[in-house]
Every structure is written in C-alpha cells, then in structure tokens.
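One structure below.
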Amino acid sequence: MSASSAFNDEKGGSSSVAEPEYGHDPASGGIFSSDYKRHDDLKEMLDSNKDSLKLEAMKRIVAMIARGKNASDLFPAVVKNVACKNIEVKKLVYVYLVRYAEEQQDLALLSISTFQRGLKDPNQLIRASALRVLSSIRVTIIVPIMMLAIKEAASDMSPYVRKTAAHAIPKLYSLDPEQKDQLIEVIEKLLADKTTLVAGSVVMAFEEVCPERIDLIHKNYRKLCNLLIDVEEWGQVVIINMLTRYARTQFLNPNMNESLLEEGNSGEKTFYGSDEDEDEDEEEKEKKAEAAAMAKRKPYVMDPDHRLLLRNTKPLLQSRNAAVVMAVAQLYFHLAPKAEVGVIAKALVRLLRSHSEVQYVVLQNVATMTIKRRGMFEPYLKSFYIRSTDPTQIKILKLEVLTNLANETNISTILREFQTYIKSMDKDFVAATIQAIGRCATNIGEVRDTCLNGLVQLLSNRDELVVAESVVVIKKLLQMQPEKHSDIIKHMAKLTDNIQVPMARASILWLIGEYCEHVPKIAPDVLRKMAKSFTNEEDIVKLQIINLAAKLYLTNSKQTKLLTQYVLNLAKYDQNYDIRDRARFIRQLIVPTEKSGALSKYAKKLFLALKPAPVLESPFKDRDHFQLGSLSHLLNAKAGGYQELPDWPEAAPDPSVRNVEVPEWTKCSSREKRKEKKVEKPFYSDSEGESGPTESADSESDSASGSESGSGSEESGSGSESEESEEGSESEEEEEDEEEKDKKKKKKELKKPVQETESEQSSEEEERKHERKHERKAKPRKSDSESESEEEEEDSESESSQSESEESESETEIKKKKKAAESKPPSKPDKKENKKEKTEMSLLDLDDFEPAPSPQVTPVNTFLSNSLVTDLEGLSLSDTVLSPATISPSSALKNYELLHRITGEGLSVEYCFSRQPFSPDANMVAVQMHFTNNATSDTKNLHMEDVKLQSGMRVKEFPEIELLPAGETTTAVMGIDFCDSTQAANFQLCTHTRKFFVSIQPPVGELMRPFFMTENEFRKEQGQLMGMNEITEKLTLDAKCRNEHAIVQRVTTAANLSRVPCGSDKECRFAGRTVTSSSLVLVTVATKEEGAAQLTVNCEKMVIGTMLVKDILLALTQ
29 MSASSAFNDE
39 KGGSSSVAEP
49 EYGHDPASGG
59 IFSSDYKRHD
69 DLKEMLDSNK
79 DSLKLEAMKR
89 IVAMIARGKN
99 ASDLFPAVVK
109 NVACKNIEVK
119 KLVYVYLVRY
129 AEEQQDLALL
139 SISTFQRGLK
149 DPNQLIRASA
159 LRVLSSIRVT
169 IIVPIMMLAI
179 KEAASDMSPY
189 VRKTAAHAIP
199 KLYSLDPEQK
209 DQLIEVIEKL
219 LADKTTLVAG
229 SVVMAFEEVC
239 PERIDLIHKN
249 YRKLCNLLID
259 VEEWGQVVII
269 NMLTRYARTQ
279 FLNPNMNESL
289 LEEGNSGEKT
299 FYGSDEDEDE
309 DEEEKEKKAE
319 AAAMAKRKPY
329 VMDPDHRLLL
339 RNTKPLLQSR
349 NAAVVMAVAQ
359 LYFHLAPKAE
369 VGVIAKALVR
379 LLRSHSEVQY
389 VVLQNVATMT
399 IKRRGMFEPY
409 LKSFYIRSTD
419 PTQIKILKLE
429 VLTNLANETN
439 ISTILREFQT
449 YIKSMDKDFV
459 AATIQAIGRC
469 ATNIGEVRDT
479 CLNGLVQLLS
489 NRDELVVAES
499 VVVIKKLLQM
509 QPEKHSDIIK
519 HMAKLTDNIQ
529 VPMARASILW
539 LIGEYCEHVP
549 KIAPDVLRKM
559 AKSFTNEEDI
569 VKLQIINLAA
579 KLYLTNSKQT
589 KLLTQYVLNL
599 AKYDQNYDIR
609 DRARFIRQLI
619 VPTEKSGALS
629 KYAKKLFLAL
639 KPAPVLESPF
649 KDRDHFQLGS
659 LSHLLNAKAG
669 GYQELPDWPE
679 AAPDPSVRNV
689 EVPEWTKCSS
699 REKRKEKKVE
709 KPFYSDSEGE
719 SGPTESADSE
729 SDSASGSESG
739 SGSEESGSGS
749 ESEESEEGSE
759 SEEEEEDEEE
769 KDKKKKKKEL
779 KKPVQETESE
789 QSSEEEERKH
799 ERKHERKAKP
809 RKSDSESESE
819 EEEEDSESES
829 SQSESEESES
839 ETEIKKKKKA
849 AESKPPSKPD
859 KKENKKEKTE
869 MSLLDLDDFE
879 PAPSPQVTPV
889 NTFLSNSLVT
899 DLEGLSLSDT
909 VLSPATISPS
919 SALKNYELLH
929 RITGEGLSVE
939 YCFSRQPFSP
949 DANMVAVQMH
959 FTNNATSDTK
969 NLHMEDVKLQ
979 SGMRVKEFPE
989 IELLPAGETT
999 TAVMGIDFCD
1009 STQAANFQLC
1019 THTRKFFVSI
1029 QPPVGELMRP
1039 FFMTENEFRK
1049 EQGQLMGMNE
1059 ITEKLTLDAK
1069 CRNEHAIVQR
1079 VTTAANLSRV
1089 PCGSDKECRF
1099 AGRTVTSSSL
1109 VLVTVATKEE
1119 GAAQLTVNCE
1129 KMVIGTMLVK
1139 DILLALTQ
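If you want the numbering used here, it's the position in the sequence shown, counting the first as 1, plus 28.
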C-alpha cells in the first residue's frame, strides 16, 4: 500500500513541489534541498519482490530521463535489478544503464559479469541490450572484454544483435584506437552480411573507423546497390554518401566528352558578348571542336557498375525522408551524366513544401546546383517565388536561386517579381532584393540600364533602408559605365541632405570623389556641406570626406584648397586614430612641402587611378568543392570528420575487383542454364544479371542487353526516362515503354526471316546478332547505312562496335519516342511530337516553303509513290502560302553560312530565315537551308542528329535528303522554336560518312512576325507598355536614310515587322508579335530636322526590346 500511495504522491505533487530542486549540479540539487529523500518511493518499489512494482518504477524512471530530469542517484537501486528474471524489467534496466553507465563507471563495473551473462541470453533483445550497455561503459580496462563481445555478436544468429555489434564498433574505436586492425576484420565480416538490417549500421562503422579502406567495399559493392532500396532510411543516407565517394575513385567522369559542343558554344557567354567577337571566333571554335572530336574518337562507355548505382538510387527520389532524397540528389549531381541529372530537380522542388528547416538545407544545395546546372531548375522557376509567410533566411535563399536562374529569357518576369518584393515589410529581405537586382544587372547586360533606372526610382522611397541599399548597389553598377550616367551621380549628390545611413552616405561621397570630373560644379558644394557636419559623422563617412577633399584638391585646387585644409585640420584632432593617421598621410601626400618625399609627385596617380568595377558574385560560387548535403557545405567551412570528395581518376581502375567468385552465366547461350544458376546463387546472380551482358561490347546499352536479364523492364524504363527526364512525368514514360515493347514483339515476328538471312552473312557471336537485330528494328528505312555498318563491324575491333551500338541505341530511343507520340490520343499534343517525328508531311514542307524553284533531287521510287498525294496537296496550298514572297523576295533575305565547303569536305550549307509561317507549328521560325555538293562524289543520307537545345526550345527537323549528286543543289526547310531568345540551336549535320557540329543563332529581328493594327490600336497598346517596357534612343540618320521609304526598308530588313498606317509624315510606325509567346513589339521612328531622329521601342519582353533597339540603331545609322 505504502508503495502505491507514494507512487500517487509522486505523480501528483512532484511537478509542483520538487521540480525546482532537480538539477545536474550538486549545488543546485538535492544536497541543499529540504526534500533530499525525494526518490525513496521509487527505491522502495525497486527493492520490492513484485515484478509489477519494479516495472512501474522503471517506466517512471525512464519517463523522467526522457523529460530530461536527472535520475543518476537511483543508479545503485536500478543496477541491483540487472539480474531480474522479468524480461520487460530487464530491458528497461538496460535502457537506464546505457544512459548512466558512462557517468557511474565504478558501479557499472560491479555488474559487468551480469552483462557478460546477458550476452549468452536466449532472447535476442537482451543479448543486444547487454552489448549496448557494455560498449557504453567507457573504461579502458574492459576493452578486451568489449572486443570479445563484439566478435561473438558479429557471428550471432540474430541480425538485430549483429546490427548492435556494428553500432558498438565506433564506440570501442573512440575508446581505444589501437584496436583498429581487429575492428577492421569484424567490419569486413559484417560487410559480407546479406541482411538489410545490418547494412546501414556496418557502413556507418566503416565510415567512422576506416573510410580509406575502399578495398573492403569492392566485393560488396553490387550487393549494397541491390540492398539499398530495402535498408532503413538513415542507413540509406550513410550508404549513398559512402558509395558516392567510392564511385568517384572507381569510375570515369561521365561528362568528360561533353566539352565538344561547349567549346564551339562557350555556354551562356554567347549572347552576352558582342556580335563581332562571336563572328571572329566562330571558325576557330569549330576547328577546336573538330580537333577535340578527332582526339576523342573512342567514345565514353559507362561502367555497368556505375549504371547499376544510378539505376538503383533513382527510385529513392520518391522517399518520404528528406535526407534520403537529398543524398540521392547529391549522388546524381556528383556522378551522373549531365543529361540525367535533371531528374533530381523535381524531387528537390517537392521538398520545398516541407518544414522550414528542411527547406533551408534544400535551398542551400539548390543554390549551389543552379550555378553550374542552371537549366535543370529553369522549368520550376515559379516554385522559388517567395511567400509572405516564409522566414527571412528562406526568402534570402530563394532570392539567391532566382538570381542564379535569371537569363535573358526570364529576366523580365523575375524583375517584375523583385519589384513586388521591395514593398515587403521585412527590411533585411528588401535589402537582399535590391542586391539581387544589382547582380541581375551585372550578369545580363541587356537589362543594366532598366535596372539602374528602377534603382534610381527607389531613391525617392520613404524608407531610408531601401534608399541606402539602392545607393550602395547603384555605386557598384555605375562603376561599369560612369560616363553615361552623370545625371544619376548629380541626383545622388542631392540625397546627402536626407540619407542618414553611414554606408550609403559613404558610397555617395566615394562616387562623387571618383567621378568628380563628370560633376565639376556639384562636387565642391558637397564637400562644403560635409565639412560643416564633419564632427557629427560616423567614422566610415569621415574617411570618405577626407578622400573626397584630397581628390578635389588634386583636380580643382582653386575652389577647394581652403576647404581641404579645414577638413584635414578637423581630422587631425579626431578621436579615432585611423582618421588621424589618414589625415596626416594625405596632408603629406597632396600638400607639397620641403620634407615631402618622392611619393607626392605621384599623388594624382595614386588617388585618381582607374578602379576595376566590382564583380557581384553569388556567395555560393565556391561551395561546390564541398560534397552537397554535408554539414561542411551548409556552413561553408570544413566541419570535423568531413571527408573530401575525391577527384575522378584519369584512367578507370580494374572493374574485375568487384566480381564475386560466382560462375558467370553470361557465357551460356540457353536460358534454362541461366535460370538454374539463378537458383543456385540468387543473391549475386541478380546483381550480375543486371550488369553481366553490359560487360560485353555495349556496356552503355541498358535497354538492349538488360531485356534478357531479370530486371530488363526496369532497365529499359530507367534508360529512356533518364534521357527524356525533362519531358513529361515518369509514370507516363513507363506506360509508353510497355506499349513499345508490345509493338517490338509484333515486329520481331514479322521480320524474323529477313534478319536470319542477313545475320548469316556476318561471322559474329550470338549476342552481336541480337544487338544487330535491335539496330535493324530501329532503322527499317536506312538499308544503305545498315549494310555499311555491318561491313565495318566485321573488319573493325570491339571498340568500334561499342560506338556503333551506342549510336544505334540513341536512334532506337528516338524511334521509341516517335511511337509513343503517335500512340497518344490527338487531344494531348506533346513536346516530343514537334521535336522528333518524321511524318509523311515532309515533302509538303518542302513544297510549301520554296519561294523559288530549285533543281530537284532524284529520289527513290518508293519514296515518290508514297508522297504523290502530299505533292498535290502542296501544289494546291502553294498559292496562299507563297503570297508573302512578293513582299519579301528571297534575294532580300540575308544568307548565313552554316557549313563551309572546306570544313564540310565539299558540302556547303547556307541558311536564311524565310519570314513565312511554318505550317506544322505556328510557334516555330521557318529556316530555309540550301545544300550544295561541291565534291566529286555523291552525298547520301543528309539528316540531323544529336540536337542540343536550351530549356524550352524545340526543333522540327528537315526531312532526310537521301541523295545529293555531285555539283547539285537542293533546299530544305526546318522549324525552330527559339523560345523568344537569341540562344543558338546546336546539332550535328550528318551524311553517310561524316558528322559536322553546327549551330543556328537567330538575330533578334527574326524572332517576330508581322502584326497588322490600326493607328488607334497602336496608340492604345503603346500606352499600356510604358515605364520599364519602353526604351527610347536619340540618333542621327545616315545620309542615304533620310526619306520615309529608306527608313521603312531598313527597319523591315532588320526586323520582321509590318508597317502601321500613320497620319503624320514625320513618324514611321511598325508592329509585330514574338513568334513563341506572341508578345507585342511596337517600333516608332520619329524624324526631326537635319537628320536627327528618335527611336522608341515598346515591348513586353525587356530583353528583346533592348536588343532590337541596338539592331535598328545599327541599320539606320550605317
């Protein structure tokens, strides 16, 4: 009774009376408290003979520990019960001992024999708990006992006990590092364990004890990859991080051959740099690209084990645990080919809906990723828009991401978003937004003036913080082109009366001092005002006042000599020694005296030297040298225990080290034998089944070779998904893959006899035949190239067959996409349809867009007969389509060289923008291509391959030209959706023997189509596109361009616009819409006396407006 009543008292009263006396420090705890017998009731319960009371007492004690209260004085009473027969009590006693064994080591050692007995207990939970307590007693004397216990537990029948043994290894290692060799033996044994329960824990022990012993992982690599999906979540995180490091030491960089196009394209710089530079460097870059291509003829082939890792981690992107998703994301970022990294973007954006702590970590990593792989997150731009409920640190990180994603296509929407952020109540966030606008302005030259004007408008804001931050950013922007912006410097000089923020005042004074030649009347007056308030200013402002005085003394000493002396005298007696020192130094330097040294001659050079403009860089620029997702990356400093991510090896290490001693079934021909071997060793045969066939010639081909193995459907699915990851959801693609397989089966049955006869000709192995069948299914129409490739394969070695099989696979992928596009219902038009399909409309396209008749190519009979109907349709349509040709004849269109006849080995290609609607897709620009064969031999199979586009862009390929005889010319039309940007469309132009890297870059004037409107409509629309959407420039017209006809001709040549009727003969108006987004473009040229004129462009897209102004100015003034 007494015990239970005491229990009730404890429950009811402990929280109010005794709680203040619970303390970890003896001085604040029970020694000085009135109730130093507060745990007597619990001790009585633990001493009783009833297991139910002991259990109740232990539950309450463990609950106290969970609430963070100190229960260490109960240790002797609890330890007595370690030998209790009741399993429930025993478990709770072990939980208590794990918590306090380290603090009360002497008492814990007394019961060590009980723990040793517990290691032999028939109950696995007791064995595991005994080992856990034993490893928690941190006394070096019992190291041998712990070592023995761990070794025994590592061989235990129960996976739970083996898992506990793995947990004990790092504890023993930290207690006695000399045991490392013995512990490595245990780790090696546990790594061979086949249960998912142990895998995560032993890899954790491996990472703590011997992360450098990568040789222990070799034999277990495939097993870990296959087990990964079933390991518990935190084990998955540890294994993925370890495998990331392992893969960086064992496999080659999958992106090493990606530089071919980048060399010819130089990334994002192409549309920032000047046009002249591009033209000069174009040929050199093409030569470099070709040289590199020659040097790297041997294509990169992904190691099957590398592919296994990527394939088995991909499903974990759908994990509910944010840490697992983050781990897979960093693995893909560090290990995957560029084409496949895109799959992680969707998963990371999903994590942004989680708690703010998770968002913070994810956004830190996304900010780093967006610097190197911007295109990956561009489709999800809106996910990074800021909500009013976001905490400040998340707002600032989202701003960082938006700034990194800014390019000429989306800058107008991002700037509009920034405009709303400036009205926020969160001052730190507003300051960060203004800095972000500054960074956008420096990175994208086209919007620099727009951003400057916007920031100058902010200077009239009521909020002083906004004004101050704007001043600091404007100062940095003005350093890039100070001569253009003397008005802004004058405007800022007036602000010195109002702005009180020291940094902003200092920035204004620095600007006026640096560019005092641009404001010679205002600068001395500013110095006069500042001299008055010198004693009341902050130190940073005082230093800039001294600098301003010195600069004005050197450039305008008549007006400012006395003022400078006055300021220097004030500074001489200032309280701050920095200011006193600066004053003495400057006085000696600028005021010549007998004692003044040699430096005073160079005072002007010292003070008025040209300062380089500051580079506004992302604070995340250099973070990618830390492994993403790590604590070091988050802190941007190396944390304790961080392991550097190794560099890729130059040559691939021997892959055979990962082979397990199991007979390879890949050599067997019959499927029955394979099945038997799978039964014998189910575990390893799975892993080898997935990578086995790929170890032969075509290790890249997941979908081809893997279809025979157990997980073939998974492989082909993941293969196709990774290549078209940005086009549609994964679930849709999997459905498409199944449909494609059904079609393939039907095709197989139809084509068997043909394949057999062909395969008899080649003396190759059975697997080669199987691969070649895949090729033929993929290319039913290309009989010539097929037979040639067969002959090459017979003559050449296995390396060439690898490259061919890769090419054939890429083609099969393209064909798959075609089928998928056709099989979908017509109500859902897909992006892929526009990109890849080659339908029977091909000849119609040619007829539609030929403004002048050209020599006909002699096609194959079958080709002709199939398309007679389309020919007739083309004739009937031609009248309506060709009517605009009278307005803009082909002679007036500018031709651009795509391929020079020397580079093209006799084949020369020119292209022009035909300015006619592209009938298959109205959102595409029609590009007319002229092929001339200057060689002595015929050119066959002219077609496009390997199209590389910026995100959002699409291409409709021209129909394949089967034959171009020597000396002949032919024309073809292709469509490109440039997505309203001047970014180049890169692709390979292929003949039957060669491939040429080429790119088509449009002038901004070709990105629009004419739009007819009345004068009133023009004025109304122009009124709605004011402010940041209007750009005005004054110019002097060229002598030959002073009449209305010449102006119209030059403007319409520079841009594809239509004339708008106008009542005044002093004005010419033009209107158009951009091809992709149908954004309005309005141009007005107002002429004045003596050739002076004003050009106004109103455009919804600021970047297009800015670029168009440059082009039209050039046309009218030259």
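Here a beta-carbon is modelled for each residue, glycine too, at the ideal position from N, C-alpha and C.
- For the set 505, 678, 495, the Cα lying nearest the Cα of residue 522 is the one of 495.
- For residue 468, there is no enclosing beta strand (DSSP E); the enclosing alpha helix (DSSP H) covers residues 455 to 471.
- Residue 112 is bridged by DSSP to nothing; it lacks a bridge partner.
- Less than 8 Å divides the Cβ of residue 1002 from the Cβ of residue 985.
- Pairing residue 1035 with residue 1006 gives a Cβ-Cβ distance under 8 Å.
- Taking the Cβ atoms as the reference, residue 588 lies roughly 14 Å from residue 545, outside the contact range of under 8 Å.
- CA-CA distance, residue 124 to residue 197, rounds to 21 Å.
- Distance from the Cα of residue 958 is smallest, within the candidate group 922, 964, 948, 946, for 922.
- Within the model, the alpha-carbon separation for residue 1025 versus residue 454 is close to 50 Å.
- Around the beta carbon of residue 597, a 10 Å sphere encloses fewer than 16 other beta carbons of the protein chains shown; the residue is thus reported as exposed.
- Contact between residue 504 and residue 466 holds, since their C-beta atoms are separated by about 6 Å, short of 8 Å.
- Remark: C-beta atoms of residue 151 and residue 253 do not approach each other more closely than 8 Å.
- If you draw a straight line from the Cα of residue 147 to the Cα of residue 180, it is about 9 Å long.
- Residue environment analysis places residue 1142 among the exposed positions, since fewer than 16 neighbouring C-beta atoms fall within 10 angstroms of its C-beta.
- Distance from the Cα of residue 205 is smallest, within the candidate group 471, 186, 175, for 175.
- Distance between residue 602 and residue 662, taken at the CA atoms: about 43 Å.
- Assigned with DSSP and collapsed to three states, residue 73 falls in helix.
- DSSP, read as helix, strand or coil, puts residue 639 in coil.
- In the displayed model, residue 528 falls within coil according to three-state DSSP, outside both helix and strand.
- Inter-residue distance for residue 164 and residue 94 is about 18 Å (C-alpha atoms, whole angstroms).
- Comparing C-alpha distances from residue 1080 to each of 1032, 1050, 1047, 1105 shows the shortest one belongs to 1032.
- Residue 1002: member of the beta strand (DSSP E) spanning 997 to 1005, first to last residue.
- Non-local C-beta neighbours of residue 351 in its own chain, meaning closer than 6 Å and more than five positions away in sequence, comprise 265, ordered along the chain.
- Short of 7 Å from the beta carbon of residue 967, and not among the five residues preceding or following it, lie these beta carbons of its own chain, in chain order: 935, 961, 992, 1019.
- Leaving aside the five residues that flank residue 373 on each side, the residues in its chain whose CB is nearer than 8 Å to its CB run, in chain order, 404, 405, 407, 408.
- For residue 381, the number of other beta carbons within 10 angstroms of its own is below 16, and it is reported as exposed.
- Here residue 383 is exposed: its Cβ has fewer than 16 other Cβ atoms, across all protein chains shown, within 10 Å.
- Listed in chain order, the non-local C-beta contacts of residue 283 below 8 Å within the same chain comprise 365, 366, local neighbours out to five positions each way being set aside.
- Cβ neighbours of residue 136 within its own chain (closer than 6 Å, five residues either side excluded): 129, 165.
- For residue 1090, the three-state secondary structure derived from DSSP is coil.
- Separation of residue 553 and residue 570 (C-alpha to C-alpha, rounded to the nearest whole angstrom) is 16 Å.
- Counting C-beta atoms within 10 angstroms of its own C-beta, residue 234 has 16 or more neighbours from the protein chains shown and is therefore classed as buried.
- Spatial neighbours of residue 1056 in its own chain (CB-CB distance under 7 Å, excluding positions within 5 residues in sequence) are listed in chain order as 478, 482, 1130.
- In the structure shown, residue 954 falls within a strand segment according to DSSP collapsed to helix, strand and coil.
- Ranked by how close their Cα comes to the Cα of residue 656, the residues 268, 1139, 976 have 268 in first place.
- With contacts defined by Cβ atoms closer than 8 Å, residue 255 and residue 227 form a contacting pair.
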